[in-house]
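A quick write-up on the structure given underneath.
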Amino acid sequence: DAKTTQPTSMDCAEGRAANLPCNHSTISGNEYVYWYRQIHSQGPQYIIHGLKNNETNEMASLIITEDRKSSTLILPHATLRDTAVYYCIGREGDDKIIFGKGTRLHILP
Amino acid sequence: GAVVSQHPSWVICKSGTSVKIECRSLDFQATTMFWYRQFPKQSLMLMATSNEGSKATYEQGVEKDKFLINHASLTLSTLTVTSAHPEDSSFYICSARRQGGYTFGSGTRLTVV
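First to last, the sequence lines map onto chains X and E.
Mapping the first sequence onto my numbering, position 39 (from 1) lands on 39, and the numbers just tick up by one.
Mapping the second sequence onto my numbering, position 67 (from 1) lands on 67, and the numbers just tick up by one.
Right, here's the structure in full:
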């Protein structure tokens with residue numbers, strides 16, 4: 001799995017877009033970029049994943065750079081319930097998921 | 001869809017006793033499940049991969065005789081912490097592989113006193 005690098009923590013004002021960056025410069029051509037989040041004392045929750053193209057679902061948007069060395073998860077209108085640790089993971093096929101340290105996102109009222 | 005139920009959500013046990021944690025896939029079959037452990041303010045650490053009908057694969061440094069994993073059916077994997085000690089107190093989380101991704105249980109907080 002690709003090693004990913006994320007900022008340790010970030011703040012975002014409630015109602016604003018939260019943009020969470022992730023560097024994955026060693027990602028291979030077949031590895032997808034996955035994003036999960038973990039709200040305190042709960043199991044991780046799947047958010048979104050992508051390979052090359054930008055992706056959007058009901059939770060978030062994923063922007064992947066053309067060289068695939070980095071990506072940004074966008075929560076369009078952050079709420080207090082989005083406070084969590086966000087994990088960016090590179091994964092190929094049915095590989096097991098290895099978690100890094102993630103970004104602790106604080107949504108400020 | 002794709003729900004994983006983990007039970008119990010929390011448990012307190014005495015040092016030296018064993019504790020069993022269950023992980024069930026409710027609406028899909030999971031030939032592969034994963035067990036993680038998470039200490040406070042740390043990330044999830046993969047302990048082992050549980051394969052239905054065969055032995056689990058443990059990550060380096062995880063004692064297989066202490067953390068017994070059984071995956072006897074396509075919907076159930078169990079983790080038994082044997083002879084638990086206070087240092088085994090942690091948040092244990094299971095995950096099941098499904099078509100299109102992975103689903104995680106809600107976790108079990110184990111406190112050994």
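Cβ atoms here follow ideal geometry from the backbone N, Cα and C, with glycine treated the same way.
Around Pro-76 (chain X), the same chain offers Ala-17 as residues with beta carbons nearer than 6 angstroms, after the five sequence neighbours per side are excluded. For a Cβ distance threshold of 7 angstroms, residue set Phe-99, Gly-100, Lys-101 and Gly-102 of chain X lies close to Ser-43 (chain E), ordered along the chain.
In this structure the region 59-78 of chain E does not touch the region 79-90 of chain X; the number of beta carbon pairs closer than 8 angstroms is below three. For the options X:Cys-22, X:Ala-13 and X:Gly-15, the alpha carbon positioned closest to that of Thr-4 (chain X) is the one of X:Cys-22. For Asp-11 (chain X), the enclosing beta strand (DSSP E) has its first and last residue at 9-13. Taking C-beta atoms under 8 angstroms as the contact rule, Ala-2 (chain E) and Thr-75 (chain E) fail to qualify, at a distance of about 12 angstroms.
Residue pairing of Ala-18 (chain X) in beta bridges, as defined by DSSP: X:Leu-75. The shortest C-alpha to C-alpha distance from Phe-99 (chain X) to any of X:Ile-63, X:Gly-43, X:Thr-65 and X:Pro-109 is the one to X:Gly-43. For Gly-101 (chain E), the enclosing beta strand (DSSP E) begins and ends at 101-104. Taking the Cα positions, Cys-13 (chain E) is about 5 angstroms away from Val-112 (chain E).
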